[in-house]
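Undergrad: First, the structure itself, so that you have it in front of you.
There are 2 protein chains.
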Amino acid sequence: MRYKFAFIGFGNVARALARLFLRKQDSLKAQGIAFSVTGISTGKHGFAVNPDGLDILKALELVESGQSIASLSVVPVVNSLEVIQKSAADAMFENTPVNTQSGQPALDHIRAALNLGMHAITANKGPVVHGYRELTALAKSKGRQFRFESTVLGGAPVFSVFRQTFPLAELFSVKGIFNATTNIILSRMENGESYEDAVKYCQSVGVAEADPTNDVDGWDAAIKVAALVTVLMGVPMTPQQVNPTGIRGITSEMIAKAKAEGKRYKLVCSAEKVGDKVEASVAPQLVDSSSPLYGMMNSSTGITFRTDVVPDYSIVLSERPGMQGGPVETAYGLFADFVSAVNGDFSASEVR
Amino acid sequence: MRYKFAFIGFGNVARALARLFLRKQDSLKAQGIAFSVTGISTGKHGFAVNPDGLDILKALELVESGQSIASLSVVPVVNSLEVIQKSAADAMFENTPVNTQSGQPALDHIRAALNLGMHAITANKGPVVHGYRELTALAKSKGRQFRFESTVLGGAPVFSVFRQTFPLAELFSVKGIFNATTNIILSRMENGESYEDAVKYCQSVGVAEADPTNDVDGWDAAIKVAALVTVLMGVPMTPQQVNPTGIRGITSEMIAKAKAEGKRYKLVCSAEKVGDKVEASVAPQLVDSSSPLYGMMNSSTGITFRTDVVPDYSIVLSERPGMQGGPVETAYGLFADFVSAVNGDFSASEVR
Numbered sequence: 001m002r003y004k005f006a007f008i009g010f011g012n013v014a015r016a017l018a019r020l021f022l023r024k025q026d027s028l029k030a031q032g033i034a035f036s037v038t039g040i041s042t043g044k045h046g047f048a049v050n051p052d053g054l055d056i057l058k059a060l061e062l063v064e065s066g067q068s069i070a071s072l073s074v075v076p077v078v079n080s081l082e083v084i085q086k087s088a089a090d091a092m093f094e095n096t097p098v099n100t101q102s103g104q105p106a107l108d109h110i111r112a113a114l115n116l117g118m119h120a121i122t123a124n125k126g127p128v129v130h131g132y133r134e135l136t137a138l139a140k141s142k143g144r145q146f147r148f149e150s151t152v153l154g155g156a157p158v159f160s161v162f163r164q165t166f167p168l169a170e171l172f173s174v175k176g177i178f179n180a181t182t183n184i185i186l187s188r189m190e191n192g193e194s195y196e197d198a199v200k201y202c203q204s205v206g207v208a209e210a211d212p213t214n215d216v217d218g219w220d221a222a223i224k225v226a227a228l229v230t231v232l233m234g235v236p237m238t239p240q241q242v243n244p245t246g247i248r249g250i251t252s253e254m255i256a257k258a259k260a261e262g263k264r265y266k267l268v269c270s271a272e273k274v275g276d277k278v279e280a281s282v283a284p285q286l287v288d289s290s291s292p293l294y295g296m297m298n299s300s301t302g303i304t305f306r307t308d309v310v311p312d313y314s315i316v317l318s319e320r321p322g323m324q325g326g327p328v329e330t331a332y333g334l335f336a337d338f339v340s341a342v343n344g345d346f347s348a349s350e351v352r
Numbered sequence: 353m354r355y356k357f358a359f360i361g362f363g364n365v366a367r368a369l370a371r372l373f374l375r376k377q378d379s380l381k382a383q384g385i386a387f388s389v390t391g392i393s394t395g396k397h398g399f400a401v402n403p404d405g406l407d408i409l410k411a412l413e414l415v416e417s418g419q420s421i422a423s424l425s426v427v428p429v430v431n432s433l434e435v436i437q438k439s440a441a442d443a444m445f446e447n448t449p450v451n452t453q454s455g456q457p458a459l460d461h462i463r464a465a466l467n468l469g470m471h472a473i474t475a476n477k478g479p480v481v482h483g484y485r486e487l488t489a490l491a492k493s494k495g496r497q498f499r500f501e502s503t504v505l506g507g508a509p510v511f512s513v514f515r516q517t518f519p520l521a522e523l524f525s526v527k528g529i530f531n532a533t534t535n536i537i538l539s540r541m542e543n544g545e546s547y548e549d550a551v552k553y554c555q556s557v558g559v560a561e562a563d564p565t566n567d568v569d570g571w572d573a574a575i576k577v578a579a580l581v582t583v584l585m586g587v588p589m590t591p592q593q594v595n596p597t598g599i600r601g602i603t604s605e606m607i608a609k610a611k612a613e614g615k616r617y618k619l620v621c622s623a624e625k626v627g628d629k630v631e632a633s634v635a636p637q638l639v640d641s642s643s644p645l646y647g648m649m650n651s652s653t654g655i656t657f658r659t660d661v662v663p664d665y666s667i668v669l670s671e672r673p674g675m676q677g678g679p680v681e682t683a684y685g686l687f688a689d690f691v692s693a694v695n696g697d698f699s700a701s702e703v704r
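The listed protein sequences correspond, in order, to chains A and B.
When we follow my numbering, the leftmost residue of the first sequence carries the number 1, and every step to the right adds one.
When we follow my numbering, the leftmost residue of the second sequence carries the number 353, and every step to the right adds one.
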């Protein structure tokens, strides 16, 4: 079957996803899956729709050389919702910037796509924490899926591991390191670099933004905790409720003292079921070598599931050499979501 | 729907599985799943079949007090194949002792069950390395499944993680610590215990047999490597081809010297694709703190997948407190296999 795609948001991640689909087209074909991209919406480089399929390489080239893609369009389109409607797509990939407060405009894009009978797949944490139940129910009513594997561990399987491979397990807690930027900063400070220089390094390699607040004050980690709690523990939670503490209060002196004692500061994310409630937190904690978090240095991240069925089960993603992998990894989560959605792995989209 | 079960082999793992089904019966019911056990075959306590369902608690009690279950049978049965046939089961759980050389009699039990239209689920590594392709093809032809999640990491999801949550990923290598017993021995030797005393400890807590050859010479690890290669890399392999080196050559002096250098000996399992071939090994290796294996102490085990899509992805199972969890964990893998099989997660049983 040939699937039509709409890309809403065409930044680093979405473009890496387009390239990944091209790279994997032979193995997709072996599974009976062909594709074309019928709609693209960009932040700064215009909109394009062609029901017969856009020239993907040309679109990548135009955007990456700073030009508009409007010339590729055979239909007049002026905004993302029009692209969704006129693309007649089977799957919509939502990759607009995260809005922690409201989840918009991603929430509206996903609603529109699901209402039109498309699978809605996103790397955007906003609609997960602000619309998980509504969007999952809407998807189910349309026989489609709302999937978001790339929202927590950069495209590596996390949600699908718990939802597809731990049937009927009870989840007591999750704990881990979810934000790579702060882990890089703390790792570099342990090697003697100042906080300011470590932040500058992260900005220079593109893992921190000009305003690093979202990372260093714990908001990126908090929205990931909120997403995990909302989806895997069935308790709606916002990042504001997680109320994170970031790493600005951790001084070089504190880190040196910890190191001398064989310990490390980590920005620890955790959520634990206590009765019907969930206690969630994001805060710097001292860990020693007995903790699975101790060995996660630099861009390494990971999560530990505590359940009623097996000993603590941790997923650890190793350091990314050179930090260039980010968008490519995230793209794989979106790709995997699409393949699972069309394979009908519906269990993964059930509200627990 | 009500599913009928046959338990072929009724040792620690199978009995833990029976108890797990009883413990989870409410959450199974919520998914529309009810069950009864219509056949049980034991090694030393006889055979029983009742098409209307055996009294599970009574069977557990009889076996655990050293009595025969034959009194529970309403049908004359004298061996495992008769139990399979006369149980009219929907799922057969094969948990007879592992036979590394031939995979028998488990192989025959699984063939019989699949031919009768049952799902065949096992914690037995023998039939995986000696019959994976045949049994998977047979299962497919019958619209049933051959599943074996419990064969590598003690019931924690490994096969299903790669097969269900990494669609179309290319697997370059697997590496890890797959045998808990040798890891406990090496950990205890690092704390100054002699090899002989460490082996005795493992025997006293039931993790090593009277003849520890299977663990300490690397055969248990080798058959796990062979199973992973056979299933996930699509290259049939036997433990003999892995040709393991065990830990008997590692002396207390070597371990002390390594410790002084910040290193540890681990019984490292690995398999790497090299062209169309796979190079596999099990052998003691020195690892330092930069290795994800370094922190796995005592009964902790784990595996790292290297793929084309995300950074190295490790699954780590923490130490089992008190070592009492073994059969219960393994039982969960069998339980998860059953739930996934009846949910129709067929992707997991496809030959890659």
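We put the CB at the ideal spot given by N, CA and C, even for glycine.
Counting C-beta neighbours from all protein chains within 10 Å, is the total for threonine 96 of chain A 16 or more, i.e. buried, or is it exposed?
TA: Its Cβ being crowded by 16 or more others within 10 Å, threonine 96 of chain A is buried.
Undergrad: Can you tell me which of B:Ala521, B:Gln377, B:Thr503, B:Gly507 puts its alpha carbon nearest to the alpha carbon of proline 157 of chain A?
TA: Of B:Ala521, B:Gln377, B:Thr503, B:Gly507, the residue nearest in Cα terms is B:Ala521.
Undergrad: Is the separation between the beta-carbon of alanine 336 of chain A and that of threonine 656 of chain B shorter than 8 Å?
TA: No, these two residues do not count as a Cβ contact at 8 Å.
Undergrad: Using Cβ-Cβ distances below 7 Å, what residues of the region 151 to 181 of chain A are close to chain B?
TA: Against chain B - using a Cβ distance shorter than 7 Å - the residues of the region 151 to 181 of chain A are Gly155, Ala156, Pro157, Ser160, Val161, Gln164, Thr165, Phe166, Pro167, Leu168.
Undergrad: For a cutoff of 8 Å on Cβ pairs, would you count proline 327 of chain A as touching chain B?
TA: No, because no Cβ of chain B sits closer than 8 Å to the Cβ of proline 327 of chain A.
Undergrad: Quick one: which chain B residues come within Cβ less than 9 Å of serine 340 of chain A?
TA: Within chain B, the residues near serine 340 of chain A are Gln516, Thr517, Pro519, Ser699.
Undergrad: Cutting at 6 Å between CB atoms, please list the residues of its own chain near glutamate 652 of chain B, excluding the five before and the five after it.
TA: First, the amino acid is wrong: residue 652 of chain B is serine here, not glutamate. Within the same chain, serine 652 of chain B has close Cβ partners Ser670, Glu671.
Undergrad: Is there at least one Cβ from chain B nearer than 8 Å to serine 41 of chain A's Cβ?
TA: No, because no Cβ of chain B sits closer than 8 Å to the Cβ of serine 41 of chain A.
Undergrad: Throw me the rounded Cβ distance for the proline 244 of chain A and threonine 100 of chain A pair, which I believe falls under 8 Å.
TA: With 8 Å as the limit, proline 244 of chain A and threonine 100 of chain A do not qualify as a contact, their Cβ atoms being about 11 Å apart.
Undergrad: Would you say tyrosine 332 of chain A reaches chain B, if we count a Cβ-Cβ gap shorter than 8 Å as a contact?
TA: Yes, tyrosine 332 of chain A lies at the interface with chain B (some Cβ there is under 8 Å from its Cβ).
Undergrad: Counting along the chain, where does the alpha helix (DSSP H) carrying isoleucine 575 of chain B start and finish?
TA: 571 to 584 is the span of the alpha helix (DSSP H), which, as asked, contains isoleucine 575 of chain B.
Undergrad: Hey, how far is the Cα of serine 692 of chain B from the Cα of leucine 135 of chain A?
TA: Their Cα atoms are separated by approximately 25 Å.
Undergrad: Below 8 Å on the Cβ atoms is my guess for glutamate 279 of chain A versus phenylalanine 172 of chain A; work out the distance and round it to an integer in Å.
TA: With 8 Å as the limit, glutamate 279 of chain A and phenylalanine 172 of chain A do not qualify as a contact, their Cβ atoms being about 12 Å apart.
Undergrad: Only counting the same chain, and skipping five residues up and downstream in sequence, which positions put a Cβ closer than 8 Å to that of methionine 470 of chain B?
TA: Around methionine 470 of chain B: Ala358, Ile436, Ala441, Asp442, Ala443, Met444, Arg496.
Undergrad: With 16 as the cutoff for other CB atoms within 10 Å, does glycine 405 of chain B come out buried or exposed?
TA: That one is exposed.
Undergrad: Let me know if valine 98 of chain A comes out buried or exposed under the rule of 16 or more other beta-carbons within 10 Å of its beta-carbon.
TA: Buried is the call here.
Undergrad: Here's a check: name, in chain order, each residue in its chain whose Cβ is nearer than 7 Å to the Cβ of glutamate 542 of chain B, leaving out the five neighbours to either side.
TA: Excluding sequence neighbours, glutamate 542 of chain B sits near Ile607, Lys611, Arg616.
Undergrad: Checking contacts by CB at 8 Å: is tyrosine 355 of chain B closer than that to chain A?
TA: So no, tyrosine 355 of chain B is outside the interface.
Undergrad: What does DSSP give as the partner residue(s) for leucine 523 of chain B in the beta ladder?
TA: Answer is B:Thr659, bridged to leucine 523 of chain B.
Undergrad: Within 8 Å of any Cβ in chain B, is that where the Cβ of tyrosine 313 of chain A sits?
TA: Closer than 8 Å: yes.
Undergrad: Using the C-alpha atoms, what's the distance from proline 292 of chain A back to threonine 251 of chain A?
TA: The alpha-carbon atoms of threonine 251 of chain A and proline 292 of chain A are separated by roughly 23 Å.
Undergrad: Cα separation between valine 480 of chain B and alanine 579 of chain B?
TA: Going from the Cα of valine 480 of chain B to the Cα of alanine 579 of chain B covers about 6 Å.
Undergrad: So with CB distances below 7 Å, who are the chain B contacts of proline 127 of chain A?
TA: None at all; the shortest Cβ gap to chain B is about 21 Å.
Undergrad: Looking only at its chain, what residues have a beta carbon closer than 7 Å to the beta carbon of glutamate 350 of chain A, apart from the 5 residues adjacent to it on each side?
TA: Low local confidence applies: a pLDDT of 49 at glutamate 350 of chain A is under 50, so the model's placement there is unreliable, with the coordinate-based value given in what follows. Here the set comprises nothing.
Undergrad: So, does the CB of glutamate 350 of chain A fall closer than 8 Å to a CB anywhere in chain B?
TA: Since pLDDT at glutamate 350 of chain A reaches only 49, below the 50 mark, its modelled position is unreliable, and the value read off the structure follows with that caveat. It does not: the Cβ of glutamate 350 of chain A has no partner Cβ on chain B nearer than 8 Å.
Undergrad: Per the DSSP calculation, histidine 45 of chain A is bridged to which residue(s)?
TA: Note: histidine 45 of chain A sits in no beta bridge, so no partner.
Undergrad: Strictly by DSSP, which residues pair up with glutamine 637 of chain B?
TA: Note: glutamine 637 of chain B sits in a beta bridge opposite B:Lys618.
Undergrad: So is proline 711 of chain B buried or exposed if we call it buried at 16+ other beta carbons inside 10 Å?
TA: Any property of residue 711 of chain B remains undetermined from this structure, which presents chain B solely from 353 to 704.
Undergrad: Please report the residue range of the alpha helix (DSSP H) in which tyrosine 201 of chain A lies.
TA: Note, tyrosine 201 of chain A: alpha helix (DSSP H), 195 to 204.
Undergrad: Under the assumption that methionine 648 of chain B contacts asparagine 535 of chain B (Cβ atoms under 8 Å), give the Cβ distance between them as a whole number of angstroms.
TA: Between asparagine 535 of chain B and methionine 648 of chain B the Cβ distance is about 7 Å, and since that is below 8 Å, they are a contact.
Undergrad: Classify phenylalanine 10 of chain A: buried if its beta carbon has 16 or more other beta carbons within 10 angstroms, exposed otherwise.
TA: Per the 10 Å Cβ criterion, buried.
Undergrad: Curious, which full-length alpha helix (DSSP H) runs of at least 4 residues does the region 466 to 549 of chain B contain?
TA: List check, alpha helix (DSSP H) in window: 477 to 493, 511 to 517, 532 to 542.
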